[in-house]
Amino acid sequence: MPTERFQFPGTGGHQLAAALDLPDGEPAAYALFAHCFTCSKDSLAAARIAAALTARGIAVLRFDFTGLGSSEGDFANATFSSNVADLVLAANHLRNIRKAPAILIGHSLGGAAILAAAADISEARAVVTIAAPSDPAHVTHLFADRLDCIRAHGEVEVKLAGRPFTIKRAFLDDIAEHNLMAHVARLHKPLLIMQSPTDDTVGIDNATRIFLAAKHPKSFVSLDGMDHLLTKRSDAVYVADVITAWAGRYLDAAATAPAADSPEPRRVVVRETRASKLQQQIMVGPHRLIADEPLAAGGADTGPGPYDLLLAALGACTSMTMRLYADRKALPMDRVTVTLNHSKIYAKDCAECETKEGMLDQLDRVISIEGALDDEQRKRLMDVADKCPVHRTLKSEIRIVTKAAE
Numbered sequence: 060m061p062t063e064r065f066q067f068p069g070t071g072g073h074q075l076a077a078a079l080d081l082p083d084g085e086p087a088a089y090a091l092f093a094h095c096f097t098c099s100k101d102s103l104a105a106a107r108i109a110a111a112l113t114a115r116g117i118a119v120l121r122f123d124f125t126g127l128g129s130s131e132g133d134f135a136n137a138t139f140s141s142n143v144a145d146l147v148l149a150a151n152h153l154r155n156i157r158k159a160p161a162i163l164i165g166h167s168l169g170g171a172a173i174l175a176a177a178a179d180i181s182e183a184r185a186v187v188t189i190a191a192p193s194d195p196a197h198v199t200h201l202f203a204d205r206l207d208c209i210r211a212h213g214e215v216e217v218k219l220a221g222r223p224f225t226i227k228r229a230f231l232d233d234i235a236e237h238n239l240m241a242h243v244a245r246l247h248k249p250l251l252i253m254q255s256p257t258d259d260t261v262g263i264d265n266a267t268r269i270f271l272a273a274k275h276p277k278s279f280v281s282l283d284g285m286d287h288l289l290t291k292r293s294d295a296v297y298v299a300d301v302i303t304a305w306a307g308r309y310l311d312a313a314a315t316a317p318a319a320d321s322p323e324p325r326r327v328v329v330r331e332t333r334a335s336k337l338q339q340q341i342m343v344g345p346h347r348l349i350a351d352e353p354l355a356a357g358g359a360d361t362g363p364g365p366y367d368l369l370l371a372a373l374g375a376c377t378s379m380t381m382r383l384y385a386d387r388k389a390l391p392m393d394r395v396t397v398t399l400n401h402s403k404i405y406a407k408d409c410a411e412c413e414t415k416e417g418m419l420d421q422l423d424r425v426i427s428i429e430g431a432l433d434d435e436q437r438k439r440l441m442d443v444a445d446k447c448p449v450h451r452t453l454k455s456e457i458r459i460v461t462k463a464a465e
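Heads up: the sequence shown begins at 60 in our numbering, then just goes up one per residue.
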């Protein structure tokens with residue numbers, strides 16, 4: 060998937076380095092991502108979450124705050140207020156070159172900055188915080204032993220994650236003035252709070268304070284077992300999955316819905332994401348799915364495998380066909396559950412199979428029917444299950460035509 064790299068002017072007149080990760084095809088939405096304190100747009104969490112969101116059809120703009128990564132300026136002169144202002148400028152720039160962000164995502168202190176900036180980005184429809192502090196001043200615990208020196212001398216060099224950074228008194232004064240909970244109370248946008256209960260950098264109590272201050276609609280998702288920086292790729296993918304599913308209900312459905320009167324059948328396009336060895340993006344009209352293989356098969360297990368999808372197609376078709384029949388015949392069927400499994404069997408063990416040598420594919424399908432149905436009604440429904448279109452396709456002769464793209 061393509062990434063456009065460019066610069067835009069920040070609050071101090073310095074050029075800020077940005078990366079816009081784009082999906083293949085028209086984006087379902089645009090998101091703005093704010094990275095953690097002293098991190099960069101290319102941190103593991105930022106890059107991996109952006110890649111996973113892009114694979115799901117959401118374009119992501121991430122950029123380096125002043126003096127970090129590839130951005131110009133001196134980090135020592137940056138403040139929480141300037142970071143908030145730069146987020147608004149980033150949204151403005153994205154609005155000018157593409158489309159304003161509909162989703163705002165912030166990690167750690169970037170989450171606090173996103174909450175403070177959200178009111179000034181009117182097009183934003185959903186706000187997400189990941190391991191965000193409820194007070195920007197929380198970040199001072201990283202250099203708590205140097206606070207007196209900073210106030211006494213005006214500025215002091217501290218070590219953060221093994222790297223030297225200069226912290227000025229102006230930074231401390233600025234974060235002390237921010238009442239983040241007031242911003243949260245006036246947010247008036249759907250909010251998703253994601254936090255690990257075992258985060259030893261930003262405690263779970265921060266998420267509690269943000270959640271209690273926010274008005275509905277608000278949601279909380281526990282990132283159980285995850286570390287503050289989301290260093291595991293699978294954790295970043297999970298976060299992206301949750302964001303995509305949660306934010307989808309708040310995005311403009313009209314922008315992504317297919318034309319109702321379109322005469323053309325929807326094509327299925329499958330393309331490598333290159334985010335991991337075997338991960339694939341599946342595009343079906345406005346829908347985006349991820350396919351992968353389990354770890355044991357050499358994949359990263361970020362999505363269902365090809366045979367999983369095959370079984371899902373048969374199961375979904377079976378359930379839909381039974382539902383349509385039950386409704387048409389006014390049968391009291393409450394719910395259908397279809398459980399499927401794929402395996403290989405020896406042909407010689409299948410008495411009714413035409414093939415008598417080698418191995419055969421076997422699809423086991425178990426159907427559970429709920430409702431006050433008599434035996435005859437249940438039998439009719441089971442007969443209907445074998446008439447679903449996908450079942451018929453799998454049982455009939457299939458012709459697959461393959462050719463190279465021109």
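Here a beta-carbon is modelled for each residue, glycine too, at the ideal position from N, C-alpha and C.
None of the values given here were measured: they were computed from a predicted structure.
My understanding is that residue i touches residue j, with C-beta atoms under 8 Å, so please give their C-beta distance in whole angstroms.
i: L79; j: R184; result: Actually they do not touch by this definition, with Cβ atoms about 19 Å apart.
i: R121; j: A105; result: 5 Å
i: G357; j: K336; result: 6 Å
i: G71; j: S141; result: 7 Å
i: L81; j: T113; result: 7 Å
With distances taken between CB atoms, is the gap from residue i to residue j smaller than 7 Å?
i: F96; j: V198; result: yes
i: R268; j: S193; result: yes
i: V119; j: A190; result: no
i: L373; j: V449; result: yes
i: A109; j: G169; result: no
i: P195; j: H242; result: no
i: R330; j: D83; result: yes
i: L246; j: A171; result: no
i: L91; j: A150; result: yes
i: K227; j: A135; result: yes
i: G126; j: K100; result: no
i: A87; j: I117; result: yes
i: M381; j: L440; result: yes
i: A273; j: L251; result: no
i: C447; j: T377; result: yes
Going by DSSP in three states, residue i sits in which element: helix, strand or coil?
i: V343; result: strand
i: R458; result: coil
i: V243; result: helix
i: P448; result: helix
i: Q338; result: coil
i: A61; result: With the sequence shown as reference, residue 61 is identified as Pro, and Ala is not the correct amino acid for it. Looking at P61 - three-state DSSP - the assignment turns out to be coil, as it is neither helix nor strand.
i: A313; result: Model confidence at A313 stands at a pLDDT of 36, short of 50, so the residue's coordinates are unreliable; what they give is reported in the following sentence. In the structure shown, A313 sits in a helix (DSSP, three-state: H, G or I).
i: I269; result: helix
i: P192; result: coil
i: S141; result: helix
i: L368; result: helix
i: T398; result: strand
i: D259; result: coil
i: E85; result: coil
i: H152; result: helix
Give every residue of the same chain whose Cβ lies closer than 6 Å to the Cβ of residue i, excluding the five residues on either side of it in the sequence, and list them in chain order.
i: A176; result: V143, L146 and V147
i: S130; result: L75, A76 and D123
i: P223; result: E216
i: K403; result: M418
i: G430; result: P391, M392 and D393
i: A306; result: I162 and A185
i: M253; result: I189, V280 and L282
i: A385; result: M392
i: L289; result: A104 and A295
i: I234; result: F139, P195 and A196
i: R451; result: none
Output yes if chain B places a C-beta closer than 7 Å to the C-beta of residue i; else output no.
i: A431; result: Absence of chain B from the displayed structure is noted, only one protein chain being present.
Sorted by chain position, which residues of the same chain lie with C-beta nearer than 7 Å to residue i's C-beta, five sequence neighbours on each side aside?
i: Q66; result: Q74, L75, A76 and A77
i: A406; result: C412, T414, K415, E416, G417, M418 and L419
i: A229; result: T138
i: G354; result: For clarity, residue 354 is Leu in the given sequence; the question names Gly instead. Closer than 7 Å at the Cβ level, and outside the excluded window around L354, lie D360.
i: V460; result: none
Per the contact definition of three or more C-beta pairs closer than 8 Å, is the stretch 171-186 in contact with the stretch 205-213?
no
For the pair the stretch 333-340 and the stretch 349-364, tell me if three or more CB-CB distances fall below 8 Å.
yes
Does the pairing of the stretch 245-261 with the stretch 282-290 give three or more beta-carbon distances under 8 Å?
yes
How about the stretch 390-401 and the stretch 416-423: do they share at least three Cβ pairs that are nearer than 8 Å?
yes
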